[in-house]
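Below you'll find the structure, written out as structure tokens, and then a few comments.
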Amino acid sequence: MTDARDATGASAAIPTICHWIGGERRSSTSGRSAAVFNPATGAVSAHVALADQSDVDDAITSAERGYQVWKTYSIAKRQAVIFTFRELLNARKRELAEIITAEHGKVVSDALGEILRGQEVVELATGFPNLIKGGFSENVSTGIDVYSLKQPLGVVGIISPFNFPAMVPMWFFPIAIAAGNSVVLKPSEKDPSAAIWLAELWKEAGLPDGVFTVLQGDKLAVDGLLNSPVVQSISFVGSTPIAQYIYETASKNGKRVQALGGAKNHMLVLPDADLDLVADQAVNAGYGAAGERCMAISVVLAVEPVANELIAKVTDRIAKLRIGNGAGADGVEPDMGPLITDVHRDKVSSYVDIAEADGATIVVDGRGFTVDGHEDGFFFGPTLIDALPTTSRAYTEEIFGPVLSVIRVKTFEEGLNLINSGQFGNGTAVYTNDGGAARRFQNEVEVGMIGINVPIPVPVAYHSFGGWKDSLFGDAKAYGVHGFDFFTREKAITSRWLDPATHGGINLGFPQN
Ligand code: NAD
1 MTDARDATGA SAAIPTICHW IGGERRSSTS GRSAAVFNPA TGAVSAHVAL
51 ADQSDVDDAI TSAERGYQVW KTYSIAKRQA VIFTFRELLN ARKRELAEII
101 TAEHGKVVSD ALGEILRGQE VVELATGFPN LIKGGFSENV STGIDVYSLK
151 QPLGVVGIIS PFNFPAMVPM WFFPIAIAAG NSVVLKPSEK DPSAAIWLAE
201 LWKEAGLPDG VFTVLQGDKL AVDGLLNSPV VQSISFVGST PIAQYIYETA
251 SKNGKRVQAL GGAKNHMLVL PDADLDLVAD QAVNAGYGAA GERCMAISVV
301 LAVEPVANEL IAKVTDRIAK LRIGNGAGAD GVEPDMGPLI TDVHRDKVSS
351 YVDIAEADGA TIVVDGRGFT VDGHEDGFFF GPTLIDALPT TSRAYTEEIF
401 GPVLSVIRVK TFEEGLNLIN SGQFGNGTAV YTNDGGAARR FQNEVEVGMI
451 GINVPIPVPV AYHSFGGWKD SLFGDAKAYG VHGFDFFTRE KAITSRWLDP
501 ATHGGINLGF PQN
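UniProt numbering numbers the first residue of the sequence shown as 1 and each following residue consecutively.
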């Protein structure tokens, strides 16, 4: 087994991915680093610097300087930079997709898909003047006007997970920057290069140095952001235990915080559903990106009598999936790539062991799966489990791999209750042609994002992204109007301009008109 953390530090032959501070690549003073792998080959492709406190301090000081410059930019000048960033991103997104595939493992077309969903937020952010303008009420009392301003927070922190190294940071930073803040991004140490590529793009787009900073690192870097009095807010996406820690620590330190956590997303299939459509979409949503999506479907709740037929259809489709290097070979792209590390692959495998030990049937077994020519890659085959007991940890915990479980239920109510009894509330989907049942589902299910005959209902940029329960700590969702509210603070001004004739004299009471 390879340890994702390389205690030996950087080797001369392998590049070191460093921070981006003050508009340039900056090496670390810490002497600490971690290995970055190409998950398809299992080879170490780079080392990433892991910040120490002095790197954290440099990053925050530079971001504070950047903020002082950026906040003086007019709306028109800020808008021009964001438009340029959008154009550069759109023109060069293939480069970024290949970087993502090389470190994350997902297939290139899927990496392009994540960039596109991030780009949507950049496009939303280009329209920021309309979303951060205040209001004006004239003559609220005689001669008195009230108006509001939305101002940036200052330096804001973003901490992102490995599974969307471009999209998740883009859920936040286009809006934060458009609103006049400066950003310190702490990407996942497992795939840190996308953040540096995005930083270089911002520079090319004309963003002043220090407004977008990348701080590479682990818990030490995260804690540095959480404990800094300069950092005004934290936007976090990752697993639930860390999300809870971030929420509690950042709140205790007086920061604004949004902390998105893990998930266990169910697809409820009613007997009237089109089972070919359901099977296609369960496979897409269960095995796409090797199940390493927070909106992946991991449980199919089949309202009987559909389970046997549905399992047969899903099994047929799994047999046709091509699994391999996400970068493709000879111009052909596979359907699914590897998992992020061998440590994670072994964890996914252990959940299949647990399901089996708890009495489930392993219909398709991905354990021990290898790809010819990539024997050291971190591959795990698509796995289908039937009759998973709801007491099994393979049901109650997030697996985050290409493992789809089927649970047979007798009624709509039984399925709905199962979804509502879970720890998470990120996404869910219902498959039916019955509008009344779908409407009841959307009304009664305790989940933040719901698909009706749509398997992965990630809201478009002008709505907002966020789950319920242990999938989101705090009440601030990502992007949309919520995003602009999160990254600004409001001032309300009550103003009276007196002319000499209307001086009112002394009056100690509450003014009434
Ligand atoms: P993770 O929680 O391990 O790491 C997320 C970030 O936190 C990384 O930047 C990491 O360096 C940092 N971190 C890790 N341990 C830490 C610690 N002890 N203290 C401080 N910081 C720490 O998550 P991951 O494995 O990178 O990503 C997968 C998880 O993210 C899954 O649970 C998935 O469901 C979740 N996720 C959720 C959403 C959502 O929108 N709700 C979206 C994407 C991913």
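Note that CB positions come from ideal geometry on N, CA and C, so glycine has one too. Treat the numbers as computed from the prediction; the structure is a model and nothing was measured.
Checklist entry - Can the beta-carbon of F412 be found less than 9 angstroms from the beta-carbon of F441? => result yes
Next on the checklist: Shorter than 8 angstroms, the distance from the beta carbon of T213 to the closest heavy atom of the ligand NAD, or not?
Outcome noted: no
Next on the checklist: Whole angstroms are fine: how far does the CA of A43 sit from the CA of S11?
Outcome noted: Only weak support exists for where S11 lies, its pLDDT of 46 falling under 50; the coordinates are left without a value.
Checklist entry - According to the neighbour-count rule (16 or more other Cβ atoms, all chains shown, within 10 Å of its Cβ), is A279 buried or exposed? => result buried
Item to check | Buried versus exposed, by CB contacts within 10 Å (16 or more), W171 | outcome: Per the 10 Å Cβ criterion, buried.
Checklist entry - What are the residues that DSSP puts in a beta bridge with E356? => result Beta-bridge pairing links E356 to no other residue.
Next on the checklist: Once DSSP output is grouped into helix, strand and coil, what is the label at I493?
Outcome noted: strand
Next on the checklist: Could you compute how far the alpha carbon of S471 sits from the alpha carbon of H19?
Outcome noted: As the crow flies, the alpha-carbon of S471 is around 29 angstroms from that of H19.
Next on the checklist: Within 8 angstroms, do at least three Cβ pairs link the segment 135–144 to the segment 213–232?
Outcome noted: no
Item to check | Any alpha helix (DSSP H) of 4 or more consecutive residues that is wholly inside the segment 301–331 | outcome: For the alpha helix (DSSP H) assignment, the uninterrupted runs of no fewer than 4 residues enclosed by the segment 301–331 are, from N- to C-terminal side, 307–320.
Item to check | Residue from P241, K255, G206 whose Cα sits closest to the Cα of N227 | outcome: K255
Next on the checklist: Measuring straight from C-alpha to C-alpha, what distance separates N443 and F369?
Outcome noted: 41 angstroms
Checklist entry - Is there at least one non-hydrogen atom of the ligand NAD closer than 8 angstroms to the beta-carbon of F172? => result no
Next on the checklist: Can you give me the C-alpha to C-alpha distance between S54 and T29, rounded to a whole angstrom?
Outcome noted: 7 angstroms
Checklist entry - Is C294 near the ligand NAD, judged by its Cβ being under 8 angstroms from some heavy atom? => result For the ligand NAD, at least one heavy atom lies less than 8 angstroms from the Cβ of C294.
Checklist entry - In the structure shown, what three-state DSSP assignment does N139 receive? => result strand
Item to check | Cross-strand partners of M267 (DSSP beta bridge) | outcome: V300, A429
Checklist entry - So the beta strand (DSSP E) A46 belongs to, where does it begin and stop? => result 43–49
Checklist entry - Regarding Y431 and the ligand NAD, is the C-beta to nearest heavy atom distance less than 8 angstroms? => result no
Checklist entry - So what's Q151 in DSSP terms, helix, strand or just coil? => result strand
Item to check | Selected residue, minimal CA-CA separation from T315, among S405, A243, K477, I60 | outcome: S405
Checklist entry - Looking at P187 and the ligand NAD, is the gap between the Cβ and the nearest heavy atom below 8 angstroms? => result yes
Checklist entry - Does DSSP put D346 in a helix, in a strand, or in coil? => result helix
Item to check | Closer than 8 angstroms: A195 CB and nearest the ligand NAD heavy atom | outcome: no
Next on the checklist: Are the CB atoms of A478 and residue 516 within a distance shorter than 9 angstroms?
Outcome noted: No answer is possible for residue 516: it lies beyond the span of the chain, which begins at 1 and ends at 513.
Item to check | Straight-line Cα distance separating A51 from D6 | outcome: Bear in mind that the predicted position of D6 carries a pLDDT of just 43, short of 50, making it too unreliable to give a figure here.
Next on the checklist: Could you give the first and the last residue of the continuous alpha helix (DSSP H) run that contains G483?
Outcome noted: Its alpha helix (DSSP H) spans residues 480–486.
Checklist entry - Any heavy atom of the ligand NAD closer than 8 angstroms to the Cβ of S228? => result no
Next on the checklist: Considering just the uninterrupted stretch of the beta strand (DSSP E) at I362, what are its terminal residues?
Outcome noted: 361–364
Next on the checklist: Between which two residues does the beta strand (DSSP E) holding F236 run?
Outcome noted: 231–237
Checklist entry - What did DSSP end up calling A34 once you bin it into helix, strand or coil? => result strand
Checklist entry - Between the beta-carbon of F85 and the beta-carbon of V146, is there less than 9 angstroms? => result Judged by beta-carbon spacing, V146 lies beyond the 9 angstroms limit of F85, meaning their Cβ atoms are not closer than that value.
Checklist entry - Which residue spans inside the segment 73–151 form an unbroken beta strand (DSSP E) run of at least 3? => result 136–141
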